Structures are given as structure tokens and as C-alpha cells.
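Sequential numbering from 0 applies to the sequence shown in numbering that gives the first Met the number 0. Beta carbons are placed, not taken as given, at the ideal position from N, Cα and C, and that holds for glycine. As the structure is a computational prediction, the values presented were derived from the model and not from experiment. Quick notes on the structure that follows.
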Amino acid sequence: MAEPQVRLARRAAPEEWARYETARRQFQGIPGIERMPDGRLWATWYSGGVGEGPENFVLLVTSQDDGLTWSEPLAVVDPPGHTRAFDPCLWRDPLGRLWWFWAESDSPKMGEIMDGRGGVWAARLEGESPEELKFTRPVRIANGVMMNKPTVLSNGEWL
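Structure representation (C-alpha cells):
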């Protein structure tokens with residue numbers, strides 16, 4: 000598996016980005032949401048194809064009106080080939096920074112969704128608005144899948 004890249008809508012050609020638009024989605028699952036100190040909501044889930052399989056990608060949207068309306072996807076992780084991205088999670092750390100987590104695994108065909116080598120990746124949001132949106136380089140943090148937000152221990156360590 001290649002190192003994942005967070006792709007931004009504002010840097011993509013419209014015809015390339017069209018596959019991520021709301022109107023084109025046939026399947027979606029495992030949503031996550033986080034509210035930032037300024038009230039902005041960020042949400043993530045995975046989509047792509049008609050079910051779990053090699054076309055899966057994770058996406059990120061935002062709302063400034065308590066979820067009454069949402070942006071089209073502002074960022075995606077869409078690995079090449081038969082690698083799927085799935086089960087994303089958002090988390091605001093104790094310093095107020097937004098983290099985006101997701102899992103990746105080889106998926107040669109629909110229904111074959113976990114290769115036993117899959118892992119969890121993380122990238123941190125930099126910039127506070129969709130116009131400033133950028134991310135740190137994704138880092139693989141664990142094997143397997145992460146379905147919950149991290150827990151911060153009393154000593155400050157993250158689990």
C-alpha cells in the first residue's frame with residue numbers, strides 16, 4: 000500500500016472531483032462528527048461504490064449553521080488501486096486541534112474488505128476555515144481499525 004494523500008477540493012479539477020459530490024453517492028457509512036470552539040461542525044464518513052469494497056474513500060464536510068446545511072466534500076482520502084479507505088473518525092485534541100483518522104486495507108473485489116495488513120492513519124487539520132484547509136502529512140499510527148475517538152489519560156497520554 001502506498002502512503003495515503005489527503006486531497007483537497009480546491010486543488011482538484013472539477014471533472015476529477017465530481018465523483019465525490021453528494022448527488023453521485025450510492026453508499027455511505029460510519030459517520031463521525033466534531034464541533035470546534037468557534038461552533039463549526041466537521042463531519043466525515045466513507046463512501047464510494049455501492050458497498051464495502053475497493054472503490055471506498057473517506058470524505059470531509061463542514062457546517063457553520065449547526066448542521067442545517069453542509070458543504071460538498073472539501074477533502075477526501077481515496078487510495079489508488081484496490082486499497083480502500085474506510086471507518087473515519089474526527090477528534091478535537093486537548094489543544095483544540097482537529098484530527099482526521101481513517102483505516103486502509105487492500106480490497107481486491109467487493110466483499111473482500113480486510114486484508115489482515117490494514118492500518119489506521121491520522122492527519123491533523125491546519126487552518127481554521129475551508130478556504131485555509133490543509134493537513135499534516137498522514138501518519139500510520141496502528142494496525143487494524145479504530146472506531147472511536149482517542150482517550151486522554153490523566154498523565155496526558157493518548158490511547
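{"Query": "7 Å Cβ shell around Arg24 - same chain, five flanking residues per side excluded", "Result": "Ser46"}
{"Query": "Trp157: first and last residue of the uninterrupted beta strand (DSSP E) it sits in", "Result": "It is not in any beta strand (DSSP E) - Trp157 carries neither H nor E in the DSSP assignment."}
{"Query": "Assumed close pair Pro87, Val57 - CB separation to whole angstroms, cut-off 8 Å", "Result": "4 Å"}
{"Query": "Anticipated Cβ contact below 8 Å, Trp69 with Lys148, distance rounded", "Result": "At roughly 21 Å, the Cβ-Cβ gap does not stay under 8 Å, so Trp69 and Lys148 are not in contact."}
{"Query": "Pairwise C-alpha distance: Ala121 and Phe134", "Result": "10 Å"}
{"Query": "Distance, Trp157 Cα to Arg9 Cα", "Result": "32 Å"}
{"Query": "Rounded straight-line distance, which links the Cα of Val138 to that of Val119", "Result": "8 Å"}
{"Query": "Same chain, Cβ closer than 7 Å to Arg34, five either side skipped, listed in chain order", "Result": "Leu40"}
{"Query": "Exposure label - Leu152; buried when at least 16 CB within 10 Å", "Result": "exposed"}
{"Query": "Candidates Ala11, Glu20, Gly28 and Pro3: closest to Met146 by CA position", "Result": "Gly28"}
{"Query": "Helix, strand or coil at Glu2 [DSSP, three-state]", "Result": "coil"}
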